[in-house]
Each structure stands twice: as C-alpha cells, then as structure tokens.
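Worksheet: one structure, shown below.
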Amino acid sequence: MRKLDDRNIDLGEIIPELDDHIIICRCEEITKGEIREAVHMGMFTMTEVKRLLRPGMGLCQGQTCSRYVRNIIAKELGVSPLEIEDNVARPPMRPIELQVFGNEVESE
Amino acid sequence: MKRYHVIVIGAGPAGLSAAIEAASHGMTVGLFDENARPGGQLFKQIHKFFGSKEHKAKIRGFRIGEELLAEAEKLGVEVHLNSTVMGIYFPMNKITVSNGESTTSYSGNNIILAAGASENAIPFDGWTLPGVMGAGAAQTLMNLHGVQPGKRILMVGSGNVGLVVGFQLIQSGCQLEAIIDAAPKIGGYGVHAAKVARTGVPFLLSHTIVRAEGTESVTGAVIAQVDEYFQPIPGTERHLDVDTILIATGLTPMSKLAEMTGCDMKEMGGKVPVVDQYGMTSIEGLYAAGDVSGIEEASSAMIGGRIAALAAAAKDGYIEQNEFEKSYSDYQSSLEKLRKGMFAKENRGKTLAVTDEGLPISTNLLKHGFLDEEEITSYPGMTSRQGIHPVIECTQNIPCNPCQDACKFGCIQVGADITRLPIADVKSECKNCGMCVAACPGQAIFLVEEDCGDHMAAVTLPYEFRPLPEVGEKGYGLSRRGEEICPATVLNVRLNPVFDHTAILTIQVPKEMAMRARFYRGSRKD
Amino acid sequence: MRIESHPIIDDFKKGKKVAFTYNGKELEGYEDEPIAATLKAAGIEIHRYTRKNHEPRGIYCAIGRCTDCVMVVDGVPNIRTCMTPLKGGMVIETQYGLGAKGAES
Amino acid sequence: MSVKIADVIIIGSGIVGSSAAYYCRKKGLSVIVLEAEIIGHGGSSRNGGGVRQSGRDARELPLAMYAVKHIWPNLKEELGVDPEYMQKGYLVCGYNEEHKRGIENRIKVAAAAGIEMTLLQGKDIQEVNPYVSEHVTCAGWTPSDGSANPLTATLGFYKRARELGAQYYTHEVVVKLQIVRGSVKRVLTEKGNVYEGSQIIVAAGYEGRNIIKTVGLDVPVYPRLVDVIITEAAAPMFDHMIGGMSGFYGHQTNHGSFVFGNSTGREQTLGCYADKLYSTAYNPAFICNTVGVDIPALKPLKIIRTWSGWIDMCTDGVPVIGEVKDLPGVILDIGSTGHGFCPGPAVGQTLAEIANGEETSVDISKLAYERFDYATKSKKYYA
C-alpha cells in the first residue's frame, strides 16, 4: 500500500519551525504553520488541505501557491512532492463576471 | 459555433509560429491571447537571440515578435486579442473565450496549447510586501510599458532570466545592487553574467534572501550565506539598502488548460502534458508546444510550435507524408542544435570541468561572473597579436554562431557545430568594422589594438546604455569585475543602424590594460 | 519613474495622455497602458490591504495570474490592474479587504 | 495476504461514511473506512451546502429534522472543526403560478411535520431579501432551514473520527463483498486487500450500486451530473440559503464567496463516466442566467471556479437506508438523490446505532430496502 494511503500513520507532534509564520497562500493569507497543522489533522492531499483551510481557493485559484503548499505537505509527510496528489484544474482560467459568463454570443 | 482547422491558445513564440505553420498549409487558424498585445515573452525580450541564422540569432526578441505577427496576419490567421480562453471542453474540441463583455465558443479540429510559463518564487519573510515581484514582472514594466520597477534593486536568482533582466534594469537606469543565488555557481550563460559584472554589479553565490524589510513596502533586504543544504548560516546576515526585490528562481508551465482536458500529465518542473515527438498529447488533436510542455527558451518554443502545427497539417491531410517527414526532420535537427552544449538538459545539474574542446571551464566565471585574468589566454577566441584584432571572450559551449556570420573577413570561425567555442583566426586581418561586436548576443566580443604607440592601447567594446559618452571625453576603464582600473579617453562612438542600437565604443587606455579594460564609465558628475 | 530614453526601445507606443482619479487625487497617465504601470510610474506601490491581516500588497506577477494587484476601479472591487487598460476619467481606489475604504467587511 | 479486521467496515468516507465512523468510535466499535479516491471525494464535497428540511419528501423529513435539531448546532465543538452551520432560513423563489402551487404544496408537507414555512408575495419577498428582483413573484420562506460548509463538515468528521482511532485507507477501491455463513462479512479491494467486519456499511454514493451487486442486491439509482459556480468573495449581502423553482440553489458562504448549482439536464448525454468529473460547457452559462435574473446584484460578481459532481438519483426520490432483512451484515445508505448533506450526520448516527444493535433514534422504516421488492407493495410506502 502506498504510504500516503494509510491515513493512520502517526505523524507525532508538530515541532514549530522558524518560518511557520510566513504567508504561503497570498490570496487567502494562509501560513506555512497552518498548512503543517492541517497535515497533522490527517489531510494528506492538496485537495483535502485546500478544502479544510482554503489555500488555492482564492482569486488566483492556486496558480501562485500550489507549488509551495505541495512542498510543505510532502516535507511534513516525509515523501517526495511528486507523490502528493495535486489540485484539479477547472474552468474558468481567469476570474470572469457572472453577467459575462452568462452572456453567450455566437461566433461569427 | 465557428470551427477552425486549428485553434492556437497563446500568441507567444510557440503560438505565433504554430499559427504561421498551420496557415502556410492552407488551414484556417484562430489564435487567441488574453493580452492586449500578442507576442507573449517575445515582446519583453529586448536582447539579441542566441542560436544561428535559422533561429533568428542576433535579432532582438521583440523584433522577432513583430516579424512573426506580420507573417501570421499576412497568411490570414485570425488573431483574437484580449480574448481569454476560459476552458477547453472535450470531447467536443470546444473552447469558451471571454473578451470581458461576453463569452463565445469556438471549436477546432486541432487545438494547439501554447500558454507558456509563469514565474516561481521562494516564499521568504516579507515576500508579500509591495516592491517584491517576479523578475518577469519587472521586465514587463520596463520593456513593455517604459516604467522602472524601482530605484535600488536586488535580483534573487542567477539563471538567464536573472542575468538578462538584471542587465535590462541597468539599461533602464535602475541601480542593480547585487545578484544573489543560493546555488554555489551562476545558473545562466557566462557571457550574460559578464555583461553585468563588468558594470560593477557584485555576484553573491551561496547566498539567499532571509527577509524583506519594510512595513508599507520594501525598504531593504537581509541576505545571508547558506550551507550545503541551502540553510542560512547564522551570523552571516547582511543588510542591503534596496527598495525592490526581484525573484528569478525558475519558471513553471501554465498547464492548467491541458490538465482540464484530462490528457495524461507528468512532472517536469511542474505538471506538463505528456506529448509525443510531434507535441501531440494523449488526446488526438490536442497539442502542446513551447514552455507549457517543458521549460526551454523562446528559440526552441518557436520550433516546437512549428512542429505541432506541421503534425496537425499532416494528420488532416494538408501535406503529403514525405513532405511532412522532410520538414519534420529539418525542424528536429534545428531543435537538436539548440539542445546541445553546457546548458543542455542532459548536462543540467552536472558540474562540467572542461569544454567540448577539453579546455578548463572558468570557475571564476561561474563563481563571480567574470573571467579571471590568468584564465583568459587558454581560450581560442582570446589571442594576442599585432594590430587590431577581435578578442572573443566566449568560453562556454552554447549553441550560438552569429559572430562567424558577422565577420566578412573570416576572422572568426565556429564551424558546423554551433556549440563550439569561436576561434579568432590569426591569419585573417580585422578591418575594425565592428559588425562582430554588435552581432554577439552575449556582448562578449571586443576589438583590441594592443599597442597604438606612446604606451597606449585601444579597446572597442559594445555599449548598450544611454546617454552615450562624447568623443574626447575623459573617464575610467573598468575591469571585467567592474572596478575602475585606469583612466580612459573616448576615441570613437559608432551607432550605425545595422548595429541595431548596440553602440560601438572605442576607448584609449594604457598599453598594459589592453587585455584587462573591458568597460567604460564617464567621470562621475556628482 | 518613467524611462525617459531607453537604449534599445525608441518608442513605447503610448496612447494619449488622460486624467483619472486615484483615491480622490487627480493624476495623469497614458491611455490603454495597464493601470498598474501608470501607478508604478507615479510612485504608488500599494494597491490594496488584505482582508485578514490588513497587509499592503502591490504588483507581483504583472501577467494577470496572481491577482495581488487588484484594486477598486470605477466602484468594482478585485479588478486586476496589471491587465486592465487605463481609460480617461477612471476612478481608482485602494482596496481594503473586499471593497473600497469604508465599504470593507 | 493479511486480513484487516474491525467491528465495522465502512465503504465511503463522505459525510455519511465519516460521521458513521465517528459515532461508531464513540460507541466503542472498532472501525475501518475504505475510500476509493481521497476523503470526501464524492457528493459530500460537491453540493450547495443546503441544510434544508423544507421541500423534502415526507419519508426522509425525520432524518433532516433530527440533524437540524440535535446534530448541526453543536458540531463545531464536537469535531474541533467549524462546519460553518448557519440557521438563517431558506428562501425558494418562483415566478409563475405553477411555482406558487409547488411552494404551497411544500408548505403543506412542512406543516404536517411541524415546520413553519410561509408563502411570500410581492414586497414581502424583498423584506426578507432586498436583492431578490421583481421577477420573483412568489417565494417560500422557512426560517429554521439554513446552510453549512460541506467541505469542512465532511473533513471535520474525518478528522475527529481519525483522532478517535478510526482506521482510514484511501485509494482502496472495493470490488467485491463476500458472504460468510449467510451474512456479509468480507470486503475485497482492487489491490487484493481483504477486510473483515461483523457489519459492513455501504455509503459510497452511486458507486455503491456496483458494490452491493456482488452479493445480489440492487437499488434503482442512476447518476446525474450537476455543475456549480463559485464566485469571488464579496461583502456580506444575505446569509440565508436561497433557491429557485427554476432549479438553482446556493448561498453566500462565511468566506463571502457564493456557491450556486443547477443543471440543464443535458449532462446525461455527455457519456462521461462517474470518475471523469469534468465541468460541462453548458451549465455555467445557464446557472449565471438563472441566478442573474433572480438576484441581479450578483451579475458583476466574478466567477473564479466551476466544478461538477454526480448525484445518485433514486427512482422514487429518497434513499435506501438501513439493513437488508434477509441478508445480515450489510447496512446501506444509497440514493440520496441530491439532498443527502443536511440529513447526512443523522444517517451516520443511525447506521452506527444499527451496527451497534441499538434501536434507531429516527424511524427509517419508510426508507427500507424492501420497498423495491414488489411493485404493488411499493405503493404502500408511497402513501
């Protein structure tokens, strides 16, 4: 079984680190420490951390912070970032007003 | 819903080239870009390109962009600007595009994704302060909009982006305080580092940024030396008096659109679509070209765009199989030429000790950004002899040969393999025309007359700053490290249109400085 | 600060000069250049104060991706100023949390 | 290969699976939860967050009411994670006579269960929510309804159940149940792992149907894709849940962003299978227009995300919950038909009570599996 699929591994107590206070998700103002804490609460994927704490749910939709959130989760779980399941990409690529998204015009 | 034969998403080097290639085979092409002006990174790149003539070497990036755009429009490509592709929806090959007022849907027999890449950063204390931005962001402000990103600037990262943008900061009148990198050696081309070092900018390797100072915006930076695990070493902190911190620590492909389609993805400096040699993803008809499918540079992105469009044309029967194979092999060999040399992917992470020619690679260049004076005699481009002759301070194998084409008198040879170091041919006679000095993308060629009488020598160098010094002006000759090492008098300033904004400056220096003085600074007025 | 004469770029192809207001003050910029460039040229660094920690933010990516440079433009919050062309008469305000000063939540 | 054993094996880690795990642990039962993807991958993280009793089928109203009365209000303290439950009412908007009759019918069903729901017309509608346009001519207002954050609620139950010792395994795709001496005892997964428990709870949404087929059980559920749009955060406008008889539903979250869902019904033609959760190209524009007409103030708001999810639609509109009379060992929750979030925790508690051999606090007889045994018999349950 892949290490990360066994959610019962004991990650032990969180040892505070010097840079826990640094903002990682600039849109939702989530710090490194908060992300580490979520991992210790059992959130082992980007999507679970995102849904619990909101990094990656802000205006830029994770295009700025995903890379660092992933590295932090990987380090906390002692695995390579490649093993951490990423967030899923969804439209729209950029913020778009409701009235514009709904205003469908024929392409001539 | 309007259906194009080819939809291209992103009008940068890869996208423009793909659109041109597809249209040249008679396919209808819709090219979409979210910006008001097309060209992607091309229009921010004001330096002359590397490579060879087929890669448009020695032409400035934004001029290449203008050329490609004109060619695309001539071939009938429909360019949709201010048009953001909000999503790709398979299996209907449909994209929804917003122009800020409404959304319109288009479909395409083929979709070529050329969305490029965006900048990484390294989160540090205060990295959210106004005044901390990506190096590409500063490049956009300077080169696209003519606005300085700041006054006193720290560059974090010594890859090609950090070096090229660093040089462009100086061209824009900003004060570049230092270039730092946590790595023990400079990441970008030695010639790019040398052009910055000789203006006096220090390189601090094995250094990282600890924090940005300031509450409302950046008022300073604290840097520190790092150990082999890139952790700051306590006690080595140093304050830098800067108001802007630029981050140039790599790029990540903007592959969200590809991910959305569900095509197979893999890890390569960020998630990228898995593509075959023609750039086709796991979904038939969906292609990816340029940085979005793996970070390289604009030159290879242009060829990648061509290949993807060529494959789409062949798939849909616009060209015969043999014509396709011929064009493909030409493009592929052109691409292979760029993927060689010291900075090629296969050498990434390796510490090479010698060049292809077996000559020692300058460690000083890698550590401090300039050649050490003892090292200069061991390179084929750096000979010493009577009369004016080119001194080519190009000491790393990079795919580039415009210097060979620039000299009509055979003074410079690179040979068939464009990654070989240029050789100064002692037999041919230099006519002091300055073409090679202006052509060199790395600004690494000087014309030196080691002895022009009464203990004086003349050094001709590339000068891309303003205001230009006047003939007869007295100033200082600067060493490769940027130190004032001797008095200098301006003998000549040539700004011929064919030099494309690279002024050719000749200064007179004491004879013993002929192989040391490599830059000029007017006497300080303050 | 605007670059007066650039060694490589002869003409930044600027539109006509237009007036706009920034937090009530009247300023000038060039039509269709991004609002963020106009403000940077005028020495204005701070675009907004964040909602939770009330920290200042400004230009970060300048390619319309990171959304750090958003401001209230003509009364509408969260407008990416690095991607929005300047128009004459625009009312540009520093964003506090989710809206203009006083309207923040 | 080793067999992992626990009192209860739960298939599915959503709001029902994880709350069942939480309540089983509190009853001292050892628990193993098997999740095919990641925690809360299915409907539990893909719904509008409505905590709604009005407009429900009478047969599942007791579960919804129990949850609103006994569980939702104190979850924040219990789980140590804020599910952001708000009991600020539910406004359902209509704009024609048919909608009005529909609302009046809902009021009758609610009144029969003692839930206060009133019909609003004209200016009274704007009294409750000034942002609702005149296009809305009639509305149903239920003060005791509300909303919550499905993401933090589901992950909250997971976090607490895990803290209490529930064993979770992700990417464990169940392919087969096995009967041992007459009762369902074993669970086999794609990777070849085997789990054994005296009770097997199946709370896996639509995929549950394929799982129970392996022991000769079936429930008439079919998948229906629904899309949702998420807006940027905006200053607070209204904090009650809102819906439209035109099909849209949603609310403004604590964070300030709005969530709105709806579906054109065309999604079924896409031929996408359950795990390909692609947003469709049709729905977002449809949702924008239905919401934009009824709440024009939202028109300039920017949408930053769209996602979609599958609903396990049961043909008679309510789920099958509980044991199967003549096949001991398996306990079902399947077919929540798009409104399983509010009653979710109550369902979890009920499943735990059954697993522990207790009388259930809520009468679920009307949701029995057996109702589909005979066509003629099912009429009785319909009454």
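One line per chain: the protein sequences are A, B, C and D, in this order.
Okay, so the first sequence: first residue is 286 according to the working numbering, each after it adds one.
Okay, so the second sequence: first residue is 1407 according to the working numbering, each after it adds one.
Okay, so the third sequence: first residue is 112 according to the working numbering, each after it adds one.
Okay, so the fourth sequence: first residue is 4 according to the working numbering, each after it adds one.
Built from N, CA and C at the ideal position, the CB exists for glycine as well.
These numbers were taken from a predicted model, which means no experiment stands behind them.
Could you list the residues in the stretch 172-198 of chain C with a C-beta less than 7 angstroms from some C-beta on chain B, going in chain order? 172, 173, 174, 175, 176, 196
In the DSSP assignment, find the beta strand (DSSP E) that holds residue 1695(B) and state where it starts and stops. Within the second sequence, numbered from 1, the residue matching residue 1695(B) stands at position 289. That residue, residue 1695(B), is in no beta strand (DSSP E); it is neither H nor E in DSSP.
Helix, strand or coil at residue 1548(B) according to DSSP, with G and I counted as helix: Stepping through the second sequence from its first residue, residue 1548(B) is reached at position 142. In the structure shown, residue 1548(B) sits in a helix (DSSP, three-state: H, G or I).
Can you tell me which of the three DSSP states residue 1672(B) falls into? The count along the second sequence starts at 1 and reaches residue 1672(B) at position 266. In the structure shown, residue 1672(B) sits in a strand (DSSP, three-state: E or B).
Buried or exposed: residue 1635(B), going by 16 or more other Cβ atoms within 10 Å of its Cβ? Translated into positions along the second sequence, residue 1635(B) becomes position 229. Flag for residue 1635(B) reads exposed.
Using 8 angstroms as the threshold, is the stretch 1530-1544 of chain B in touch with the stretch 1645-1653 of chain B, meaning 3 or more CB pairs across them? yes
What number of angstroms, rounded off, separates the C-alpha of residue 75(D) from the C-alpha of residue 171(C)? What you label residue 75(D) is simply residue 72 of the fourth sequence in a count that begins at 1. What you label residue 171(C) is simply residue 60 of the third sequence in a count that begins at 1. Approximately 42 angstroms between the Cα atoms of the pair.
Do we get a CB-CB distance below 8 angstroms when we pair residue 277(D) with the residues of chain C? One-based indexing of the fourth sequence puts residue 277(D) at position 274. Interpretation of residue 277(D) is limited by its pLDDT of 47, a score under 50 that renders its predicted location unreliable; the figure taken from the coordinates is listed afterwards. With 8 angstroms as the cut-off, residue 277(D) does not count as an interface residue toward chain C.
Beta-carbon proximity of residue 86(D) to residue 9(D), cut-off 8 angstroms: The residue labelled residue 86(D) in the question sits at position 83 within the fourth sequence. The residue labelled residue 9(D) in the question sits at position 6 within the fourth sequence. No.
Going by Cα to Cα distance, which pick from 1565(B), 1663(B), 1908(B), 1575(B) is closest to residue 1866(B)? On the second sequence, residue 1866(B) is found 460 positions in, with the first residue counted as 1. It is 1908(B) whose Cα lies nearest to the Cα of residue 1866(B).
Where does the unbroken beta strand (DSSP E) through residue 10(D) begin, and where does it stop? Position 7 of the fourth sequence holds residue 10(D). Taken as a continuous stretch (DSSP letters only), the beta strand (DSSP E) holding residue 10(D) covers 6-14.
Using the Cβ count rule (16 or more neighbours within 10 Å means buried), how would you classify residue 347(D)? Numbered from 1 along the fourth sequence, position 344 holds the residue referred to as residue 347(D). Looking at its Cβ environment, which holds 16 or more other Cβ atoms inside 10 Å, residue 347(D) is buried.
At a threshold of 7 angstroms, does residue 1865(B) count as lining the ligand ATP (C-beta to nearest heavy atom)? As presented, the structure is devoid of all ligands, the ligand ATP included, so that no description of it is given.
Go to residue 1570(B), then tell me how far its alpha helix (DSSP H) extends in each direction, as first and last residue. Along the second sequence, one-based indexing puts residue 1570(B) at 164. Start and end: 1566-1577.
Can we say the stretch 341-350 of chain A touches the stretch 44-63 of chain D, given the rule of at least three CB pairs closer than 8 angstroms? no
Taking the Cβ atom as the reference point for each residue, do residue 1632(B) and residue 1849(B) lie within a distance shorter than 8 angstroms? Position 226 of the second sequence holds residue 1632(B). Position 443 of the second sequence holds residue 1849(B). In this structure, residue 1849(B) does not lie closer than 8 angstroms to residue 1632(B) by Cβ.
Take residue 1573(B) and list the residues in its own chain whose beta-carbon comes closer than 6 angstroms to its own, dropping the five residues that flank it on each side. Here residue 1573(B) corresponds to residue number 167 of the second sequence, with the count starting at 1. So the list reads 1601, 1602, once near-sequence residues are dropped.
Residue 1708(B) bridges to which residues according to DSSP? Here residue 1708(B) refers to the residue found at position 302 when the second sequence is read from its first residue. In the DSSP output, where bridge partners are listed per residue, residue 1708(B) has none listed.
When you compare the CB of residue 394(A) with every CB in chain C, is at least one pair closer than 8 angstroms? Residue 394(A) lies beyond the residue range present for chain A, which begins at 286 and ends at 393; the question has no answer from this structure.
Residue 1523(B) and residue 1697(B) look like a contact to me (Cβ under 8 angstroms); what is the Cβ gap, rounded to whole Å? Taking the second sequence and counting its residues from 1, one reaches residue 1523(B) at position 117. Taking the second sequence and counting its residues from 1, one reaches residue 1697(B) at position 291. Sure, about 4 angstroms apart at Cβ, within 8 angstroms.
Residue 1924(B) - DSSP class collapsed to helix/strand/coil: Position 518 of the second sequence, counted from the first residue, corresponds to residue 1924(B). Note: residue 1924(B) maps to coil in three-state DSSP.
Counting Cβ pairs closer than 8 angstroms, one from the stretch 1540-1560 of chain B and one from the stretch 1718-1729 of chain B, do we hit at least three? no
Along chain A, which residues have their Cβ under 9 angstroms away from the Cβ of residue 1737(B)? Within the second sequence, the letter at position 331 stands for residue 1737(B). Within chain A, no residue comes near residue 1737(B); the closest Cβ sits about 29 angstroms away, beyond 9 angstroms.
So, with DSSP's three-state summary, where would you put residue 296(A)? Translated into the one-based positions of the first sequence, residue 296(A) becomes position 11. It is coil, neither helix nor strand.
Taking the alpha-carbon of residue 1692(B) as reference, which of 1704(B), 1705(B), 1719(B) has the nearest alpha-carbon? Locating residue 1692(B) in the second sequence gives position 286, where the first residue counts as 1. Closest by alpha carbon: 1719(B).
Would you grab the beta carbon distance between residue 389(A) and residue 1509(B) for me? Rounded to a whole angstrom, and I think it's under 8 angstroms. In the first sequence, the residue the question calls residue 389(A) occupies position 104. In the second sequence, the residue the question calls residue 1509(B) occupies position 103. Correct: roughly 6 angstroms between the Cβ atoms.
Examine chain C for any beta-carbon lying closer than 8 angstroms to the beta-carbon of residue 355(A), and answer yes or no. Reading the first sequence from its first residue, position 70 is the one you call residue 355(A). No, its Cβ sits nowhere closer than 8 angstroms to a Cβ of chain C.
So which residues of chain A does residue 161(C) contact, with C-beta pairs closer than 7 angstroms? For the purposes of this step, residue 161(C) is taken as the residue at position 50 of the third sequence. Residues of chain A passing the Cβ test: 314.
Report the residue from 92(D), 199(D), 178(D) whose alpha carbon sits nearest the alpha carbon of residue 147(D). Reading the fourth sequence from its first residue, position 144 is the one you call residue 147(D). Nearest option by C-alpha distance: 92(D).
Residue 164(C) classed as buried or exposed, judged by whether at least 16 other C-beta atoms fall within 10 angstroms: If you number the third sequence from 1, residue 164(C) lands on position 53. Answer is exposed; the Cβ neighbour count stays below 16.
is_contact[residue 310(A), chain C] using C-beta, thresh 8 angstroms: The residue labelled residue 310(A) in the question sits at position 25 within the first sequence. Cβ-Cβ to chain C under 8 angstroms: no for residue 310(A).
Assigned secondary structure, residue 188(D) (DSSP; H/G/I helix, E/B strand, else coil): Indexing the fourth sequence from 1 puts residue 188(D) at position 185. Residue state, collapsed to three classes: strand.
C-alpha distance - residue 277(D) paired with residue 226(D), whole-angstrom precision: Counted from its first residue, the fourth sequence places residue 277(D) at position 274. Counted from its first residue, the fourth sequence places residue 226(D) at position 223. Interpretation of residue 277(D) is limited by its pLDDT of 47, a score under 50 that renders its predicted location unreliable; the figure taken from the coordinates is listed afterwards. If you take the alpha carbons of residue 277(D) and residue 226(D), they lie about 8 angstroms apart.
According to DSSP, what are the bridge partners of residue 145(D)? On the fourth sequence, position 142 is the one that residue 145(D) refers to. Looking at the DSSP assignment, residue 145(D) forms a beta bridge with 93(D).
Residue 344(A) versus chain C: which residues are under 8 angstroms apart at the beta carbon? As a working mapping, residue 344(A) is identified with position 59 in the first sequence. By Cβ distance, chain C contributes 178, 181, 189.
Mind checking if residue 376(A) is an interface residue toward chain B, Cβ cutoff 8 angstroms exclusive? Taking the first residue of the first sequence as 1, we reach residue 376(A) at position 91. For residue 376(A), the answer is yes, since a Cβ of chain B falls inside 8 angstroms of its Cβ.
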